[in-house]
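Structure first, commentary second.
Numbering (the UniProt record's numbering), first residue to last: 1 to 365.
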């Protein structure tokens, strides 16, 4: 029977000899061995000679014999933790993101980028106040002019004067005070319903005016004052309007004026064209009595509340009076009847030409 010696299997014997030696290596030596293996793989080497590791072991531990290493107590030869081994392997392999020399340009670029960003922020913070200061002292921050639009009855010069905007003064201070100025304008000019101030261009004010329309005229001593749609009387004297606006007389408060004008809107165009003047003529028995003077020479007595309804019966009554050649009074205060003026009739005949309330249905026809 043939005995096979270890010399015939050099590789196997070599691996068996190397295995016990590796069991007694320190963590640093294991990490160094792993690094040498990886370095050998990079250089296309199949194996790393164990002699290098043995040499490093011998050179690092020349002062201590091998037997003493084996006889060291367990405390000094305790097995390293997994975390320590991972840290050792990472330090042996080098930085995760490459070498320090490779990362140096990226660090420099990042540092420059942060410096640029901080410089931009500082420049922006200092430039904004500087721009505001330049704008404040420049002509753009001063009012260059005022234009007025939408006014019909009131002149633009009067509106500008009442608003009190000062050309050449600070634009924004006057713009923020515009509401107070508009209130003052509306108090001074009753015909102005509202006014809006807008900035036009860079430093120009545009004022949009809304006026109350004129709906009637108030007659007093042969002079006429316009009455606007809110019932207020404008304290100015104008010539008599050539339009179709009614003329009122002896009215003092806006409430009665508005009631009369509301009734006036309900009248037919025929009746409106026939009215010459409306006079407020209260009595002790009726505080709401009106005297309506017609263009045909007749006079109508009617209360303010019935003005918009009963006046529509006037054309039929006027026709009957014209047929009888009568000029007189149409009384609509209680019923609807007519009679001639006192100077044209005797005391015995006032009822002969009257139309009592029983004849009212005929008027409706």
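Using N, Cα and C, we set each Cβ at its ideal position, and we do this for glycine too.
Remember, it's a predicted structure, so these values are computed and weren't measured experimentally.
Coil, strand or helix - residue 268 by DSSP: Assigned with DSSP and collapsed to three states, residue 268 falls in coil, not helix or strand.
Check residue 287 in the structure and name its three-state DSSP category. The answer is coil: DSSP assigns residue 287 none of H, G, I, E or B.
How about residue 293 and residue 273: are their beta carbons less than 8 Å apart? No. Outside cutoff.
Exposure of residue 147, with buried meaning 16 or more beta-carbon neighbours within 10 Å: Exposed is the call here.
Cα separation between residue 174 and residue 165? If I take the Cα positions, the gap works out to 7 Å.
Once the 5 residues before and after residue 69 are set aside, which same chain residues still bring their CB inside 6 Å of it? Residue confidence for residue 69 is low, a pLDDT of 41 falling below 50, so the modelled location carries little weight; the figure read from the coordinates is stated next. For residue 69, where only same-chain residues beyond five positions count, there are no Cβ hits under 6 Å.
Does DSSP put residue 341 in a helix, a strand or coil? The answer is coil: DSSP assigns residue 341 none of H, G, I, E or B.
Tell me which residue opens and which closes the alpha helix (DSSP H) that residue 163 is part of. Where residue 163 is concerned, the enclosing alpha helix (DSSP H) stretches over 156-163.
Separation of residue 256 from residue 287, as counted between CA atoms: Approximately 11 Å between the Cα atoms of the pair.
Exposed unless 16 or more other CB atoms sit within 10 angstroms - verdict on residue 322: The residue in question, residue 322, is exposed, as its Cβ has fewer than 16 Cβ neighbours within 10 Å.
Status (buried if at least 16 other CB within 10 Å, exposed otherwise) for residue 344: Confidence is the limiting factor: at residue 344 the pLDDT is only 45, short of 50, which leaves the residue's position unreliable, though a coordinate-based value still follows. With fewer than 16 other Cβ atoms within 10 Å, it is exposed.
CA-CA distance, residue 131 and residue 121? Distance between the alpha carbons of residue 131 and residue 121 is about 15 Å.
On the three-state DSSP scale, how would you describe residue 143? Annotated three-state conformation of residue 143 is coil, per DSSP.
Compute the beta-carbon to beta-carbon distance between residue 225 and residue 236, rounded to the nearest angstrom, for a pair I have assumed lies under 8 Å. Contact flag correct, Cβ pair sits at about 6 Å.
Three-pair Cβ contact test at 8 Å for the stretch 246-254 versus the stretch 200-219: Yes: at least three Cβ pairs fall under 8 Å.
Looking at residue 290 and residue 279, is the spacing between their C-beta atoms short of 8 Å? Yes, these two residues count as a Cβ contact at 8 Å.
Run of the beta strand (DSSP E) containing residue 205, from where it starts to where it stops: Counting along the chain, the unbroken beta strand (DSSP E) around residue 205 starts and ends at 204-211.
What does the alpha-carbon distance come out to for the pair residue 335 and residue 313? If you draw a straight line from the Cα of residue 335 to the Cα of residue 313, it comes to about 12 Å.
Quick one, are the C-beta atoms of residue 140 and residue 202 less than 8 Å apart? Yes, they are a contact pair.
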